[in-house]
Structure formats: C-alpha cells, structure tokens
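J.:
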Amino acid sequence: MPLGERSGDKSESRYCGVETDFNDDMPHVLHFNLYTGSFDFVVAPLMDPSYRPSLLQKDGLGSGVLPFAGSDLVLSPSQWSSHVVGKISSWIDLDSEDETLRIDSETTLKQEIAWASHLSLQACLLPAPKGTSCANYARCVNQILQGANNIQLWLRIPLVKPDVDSMDAKSVTLDDSWESWNSFRLLCEHHGQLSVALDILSTLPSTNSLGRWFGEPVRAAILNTDCFLTNSHGCPCLSKRHQMLISGFFNHSIQIIISGNSVHPKASMDANNNSDKDSQRHPLRPYLDYVGYLYQRMDPLPEQERFELGYRDFLQSPLQPLMDNLEAQTYETFEKDAVKYIQYQRAVSKALLDRVPDEEASAKTIVLMVVGAGRGPLVRASLQAAEETGRRLKVYAVEKNPNAVVTLHALVKLEGWEDTVTIVSSDMRHWNAPEKADILVSELLGSFGDNELSPECLDGAQRFLQEDGISIPSSYTSFLQPVTASKLYNDVKAHKDLVHFETAYVVKLHNVARLAPSQPVFTFTHPKRSEHESNQRFKKLNFVIPSETGSAMVHGFAGYFDATLYKDVHLGIEPSTATPNMFSWFAIFFPLRAPICVGPGSTLEAHFWRCCGSTKVWYEWCVASPSSSPIHNSNGRSYWVGL
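Note that the numbering used here numbers the sequence shown so that position 125 is 659, with each residue one more than the last.
Structure, rendered in structure tokens:
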C-alpha cells in the first residue's frame, strides 16, 4: 500500500519496495513482502545465484531448463508487471580478466533480461559496474537496449564521493561514483531506458554533490538498514541530512527501496508483541513505517504546484505573439495570474503619484497607453491604480489581435469605461497616435525577457511617448545558468534531427540540477536612450563549477528574466529573486547538441548572441571551454521569432 496520502501527489515516490534474496517460491515472496510487510513491490532475483552457464555445459546437462525463480504462471501477468522488479545476478562481471567469468556473465545477463521481458516486468536492477572499466558491460547493455521493448534498466550506483579536502584530485576522479555512471551512460549513448538506482550509504557526500543527481535519470534509491540510526525508543530513524535527501527523492518521483537485514531487533520484537499472535510481522516493517512517516509529514503540494504538475519537464515551443494571434484559452490562463497584475497596479500607482502632485490631482489628466492590451487586464489594473491614487486617466488600449478587440469592446461597455478608454485596433508599431503618452504600459515579456520581441515592439511605440514619459516596464534583464537535465535532453534527442537541438523551449524545470548561479545576459532599457542603439547583443559568460560538486554533465542552459516595472517594483522568474506565486512564465531551455562534461572547480565558458534581421530575431549559442561545441542555430536556421 502507498506510503500515505499527500494532497496533489500522484507520483511513483508514494510506493516503497524491498530488496529480497533468491527464492523459487515467488507467490510466497510476494505474499510475505506485500501482504505481511505492506511493501508495494519487491526487487527479487530472477535466477538462482549458483547458476553458471559454463558449469551446466561441463556437467553435460542437456535439459535446457534455466533455474529461474519459478514459471511465469506462478503469478498473474499484472502481479509480475506491477509488483516485481527483476534483480540481475550480482556476481556478473562483464569486464573481468577471467574469460570464463566474462562469457558466463554476458550469457546470464542476456538470459535474465530476456526472461524479464517475457514476464513483462517494467524494470530490472543491474548490478553496479566492478572496477574502473565498464566498456564490455555497457556494450552488452546497449545491445539489449537497442532491441528492448519498454523495459527500464536501473544501473545500481553507490552514492559515493570523497571529500575534496581529504583527497587529492586524482583520487576524487577515481572514486566519485558519478564518474562510473557517466562513463556507462556515454557508452550507451544516453539511452532513454537506462536509469540509475542509487545505493544510499551511512555517510553522504556534500549537498552540492548530491544536487547533481536530481538532474540525472534516477528512478530509485536503495536505502540499506545500515543507514538507520536508533532513536530513544530503540526504533530506526535517519540523520537530518538523510531525511532531507529522502524528502528530495519524494519530490522528484524517486522510489525508495529498503534493503538489508533488520539491525533494530527491539523495534521488530515490539512490533511482533503488538501484532496478532498468529501472524509474524515483517522484520523490515519498522523501516517502512519510518519512511512512511517521513512521507506523511511533508507539506501538501501548494495549489500552484498542483496546477503546474502536468507541465513539469514538458517542452513547449515559445509563443510567437507578433506572428500569431493568441487564443482565448491562452489569454485566460495569463489573466488568472493575480500577482502579476498586482505588481503592475503598484507600478502604475507609483508612476501616477510621481507624475501628478496632489495639488494638481483633480485638474491634470494623464494619458496612459496600454500597448498589447489583449483582453484588458492591464487596462483594469491601470484604472484601479488611478482610483487608488485619486488621479485622472485617459487610456488608449492598443491591440493588434482583432479577436481580442471584440472582447475589449464588450469589457469597456460592461464596466462603463466609454468616457475613459479608447480602443485602437492596430499594431503598435504602425499606429499614428493622436497625442503623446505620459505612461506606456506593456506586458510583452517572454521567459527570457526579450524573446517575444518586447524591444522591437517598444521601439516602434516609443515615438508616441513624451520626452520625459515613463515606460512600464522600464528595463529587463535575461539570465542563464548551466543545468544537468537528462530528461529534457533525451526528449529533444528523440526527434532525431538538428532543428530540435537548435530550438529554445519554454519548460517548467523540475528534474534538473543547477550547476552554478545564474548570470545576467542581455539588458534592455525603455525608453531607449538613443534611436541608433541596436537590439543585437553578445555576451560571454564564465560559470565556475564548485569543487565540492564533483564532475557534472551540462545538457544545456536554463534561462530566466527579471524586470523592473517602475523604480522598486519588480517582476521576474530568476530563481534568487523570483516573484512568489506567479505562474505566467516558466523558464526557457537552450539545449546543447552534445552534452559537455565539466570537472570539479572548472570554468564553463559559454557565448550567447541575440541577432536581428529584417524579418526575424534569433539566438545563437555555443560552449567554448572546457571543450568547444558547434555554434547552435547559425543564422536562425532552426529557430527564430518573426517580426
């Protein structure tokens, strides 16, 4: 049964498994662990551990019946599929110097995976690579993956990384288990069905080092009973750091698997004394209960997180608001973002108070133009700001989408704004305004700030702003940071073409590891200081990977923006300064065609360009160090925003 109920959480991390020894009575294994123990699934060996193909051949046994853990008929197909993860024999060593062992290992691995596929198991747990070389192991796994159906292969990796202070650089490289995973994954060409099962040990690496795993395809965390401490009641518990790590796993849909023998006999004895005399309680049940306790004490998912669940790590093409007219559903989603419009109202209020002294409030009328008015939320926010400050407004609502203009007319009539609001059905870049504006208000920002062509639009509108006029927003800056994002990379790779690797995507980032703090990229200020100032930009960025992180894989860059609406009123999604509870924008993701491995303490040098043509604007990007990548999206060949 699941660990508990947590409002809004329907992820796989609700289910906890247990690692078992070989037993050819699979119905008993399932009954004991699922019904007596209350675990949700078992990680069970499929083959007798004493089996060796070479020994069978020597004995001349020609029956050909392999010593699997029972026939496929002993459990129903749904039981095999839903409650059993196959555990591949741990003795196999495909990179052994011993040829007999190596050939036996290869044969057994293929036989066990074939049997798991026959049983329709969803996943198999592969033993950890032995030694420093894993090329032959990876080659065989890659062969299996090429012909596999939908079975997931979980590679067991111990969560080990020596402390930087206590080890020399060479040792760190050799003993960091991430390196072992990375070698294996590279040899298997980043295959989407190859995942990680982390073996959690009693000591944990640094927080930075742990963080990089959240961008990797970790499916399970194997928690050995040796990790547990003992509380004052003699029951198992975990250190604060282990608790935080387990909470992180819960939030990233990573399943916990309990492994090992009970090392808390008092807890097991107490449990048995309190249970029915006829039934013997599972010895690992106290550990399951503790993991369930950690799950149940987590805060419920906030409403906004629940709304965004379906968008997590889902790649979306950015909007093209100049080329395309937005649909009603898109407008409605953005209009529900109350926080954004509260910030705009605050900005307009401050601008009005600065523009009109109290003594002139009843006599002076401010001309305010909402450019890109949509269905009217900024018009409403501006009028509410005028009411709040006691200032008089004359509003022009300029909108190019004829469908949205219909809604605007209905809104003005419904609210009785006919004497205050003039609706203009036109592209702001081509409209000849009858008078100049004191305040220009717009919401043309994209996830990367300028990626929906706010600079080009406001350049066109600036001609009808007073010399001392105010633009809201007054400036905005884009930000970038390198990320490990295995799922996003594989989703792009699945398209099997260049175009998708040279496209920027809007995405609710979730299973990512942020490898260095974000840095500012391009800044635009309005109104523009000079008519001759170009909107083309170039920036060289140097990101330092902290030494304690260890090596990491960069799959691309996460992009954000921060905007100053007016003076101290800001709006943005850059993680360190993000506006709370605002959902109009997700981050943007710039992928790399070939991921780049960065070492601990190394510098990642990236170059980004914003390029402008007569009909389009586009970005180009590349990495220059520690190794060079191609320049992505040269001349806007794959991705651009149309003017």
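Glycine included, C-beta positions come from ideal geometry on N, C-alpha and C.
Could you give the DSSP three-state label for E1036: helix, strand or coil?
T.: coil
J.: Would you tell me roughly how many angstroms separate the C-alpha atoms of S1181 and S976, rounded to the nearest one?
T.: Beyond the ends of the chain as shown, which are 535 and 1177, falls residue 1181; an answer cannot be given.
J.: Is it buried or exposed for S488, if we count other Cβ within 10 angstroms and need 16 for buried?
T.: Only positions 535 to 1177 of the chain appear in the structure, and residue 488 is not among them; the question remains open.
J.: Given T1011, which residues of its chain have a CB within under 6 Å of its CB, disregarding the five upstream and five downstream residues?
T.: These residues qualify, in order along the chain: P1054, T1057, D1096.
J.: Determine the burial state of Y569: buried for a count of at least 16 other Cβ atoms within 10 Å of its Cβ, exposed for fewer.
T.: exposed
J.: Should T642 go down as buried or exposed, given a rule of 16 or more other Cβ atoms within 10 Å for buried?
T.: buried
J.: So the candidates are P799, A862, S1085; which of them puts its Cα closest to the Cα of T764?
T.: P799
J.: Look up M1087 in the DSSP assignment and give the residues it is bridged to.
T.: C1131
J.: What is the rounded straight-line gap between the Cα of L600 and the Cα of P579?
T.: 13 Å
J.: When burial is assigned at 16 or more other CB atoms within 10 Å of the CB, is G1147 buried or exposed?
T.: G1147 is classed as exposed because its beta carbon has fewer than 16 other beta carbons within 10 Å across all chains shown.
J.: Below 8 Å on the Cβ atoms is my guess for C550 versus I780; work out the distance and round it to an integer in Å.
T.: With 8 Å as the limit, C550 and I780 do not qualify as a contact, their Cβ atoms being about 11 Å apart.
J.: Using DSSP bridges, identify the partner residues of V618.
T.: V576, per the DSSP bridge assignment.
J.: Taking the beta carbon of S1083 as the centre, do at least 16 other beta carbons fall within 10 Å, making it buried, or is it exposed?
T.: Reading the sequence as shown, one finds Thr at residue 1083 and not Ser. Flag for T1083 reads buried.
J.: Within the chosen definition, does the region 1023 to 1033 reach the region 942 to 960 through at least 3 CB pairs nearer than 8 Å?
T.: no
J.: Using DSSP's beta-bridge definition, name the partner residues of R1048.
T.: V1017
J.: Less than 8 Å separating the beta-carbons of S896 and E933?
T.: no
J.: With a cut-off of 8 Å, do at least 3 Cβ pairs link the region 882 to 898 to the region 962 to 974?
T.: yes
J.: Could you work out which residue in V929, N985, N937 is closest to P968 when comparing CA atoms only?
T.: With distances taken between Cα atoms, P968 lies closest to V929.
J.: Would you report the Cα separation of D543 and P834, rounded to the nearest angstrom?
T.: 8 Å
J.: With a threshold of 16 other CB atoms inside 10 Å of the CB of L708, please say whether the residue is buried or exposed.
T.: Caution applies to L708, whose pLDDT of 46 falls short of 50 and renders its modelled position unreliable; the value that the coordinates give is listed next. Under this definition L708 is an exposed residue.
J.: Taking just the CA atoms, how far does D993 sit from S1005?
T.: 11 Å
J.: Would T1137 and S1110 qualify as a contact pair, given that the criterion is a beta-carbon distance under 8 Å?
T.: no
J.: Let me check one thing: in DSSP terms, what residues is L660 bridge-paired to?
T.: L689
J.: Can you tell me whether DSSP reads P852 as helix, strand or coil?
T.: coil
J.: If we call anything under 8 Å between Cβ atoms a contact, is A494 one with F1123?
T.: A query on residue 494 cannot be resolved here, the shown segment of the chain reaching from 535 to 1177 and no further.
J.: Any idea what DSSP makes of C769, helix, strand or coil?
T.: coil
J.: How is Y549 classed by DSSP in three states: helix, strand or coil?
T.: Correct three-state label for Y549: coil.
J.: Report the residue ranges of all alpha helix (DSSP H) runs contained in full by the region 925 to 1011; include only those spanning at least 4 residues, in chain order.
T.: The qualifying runs are 936 to 949, 988 to 995.
J.: Could you give the residue range of the alpha helix (DSSP H) that holds E646?
T.: 633 to 652
J.: Restricting to runs no shorter than 3 residues, where is the beta strand (DSSP E) found entirely within the region 828 to 907?
T.: The qualifying runs are 899 to 905.
J.: Provide the residue span of the alpha helix (DSSP H) that contains D709, from first to last.
T.: 703 to 709
J.: Are the Cβ atoms of E986 and L853 separated by less than 8 Å?
T.: yes
J.: I'd like the span of the beta strand (DSSP E) that includes V1103, first residue to last.
T.: 1103 to 1106
J.: Within a Cβ cutoff of 8 Å, which residues of the same chain sit near W688, ignoring the five residues on either side of it in sequence?
T.: V619, A657, C658, L659, L660, S729, V730, A731, R753, A754
J.: Starting from the N-terminal side, write out each stretch of the beta strand (DSSP E) that is 3 residues or longer and does not extend beyond the region 773 to 799.
T.: List check, beta strand (DSSP E) in window: 789 to 793.
J.: Can you name the start and end residues of the beta strand (DSSP E) that Q1053 belongs to?
T.: 1053 to 1059
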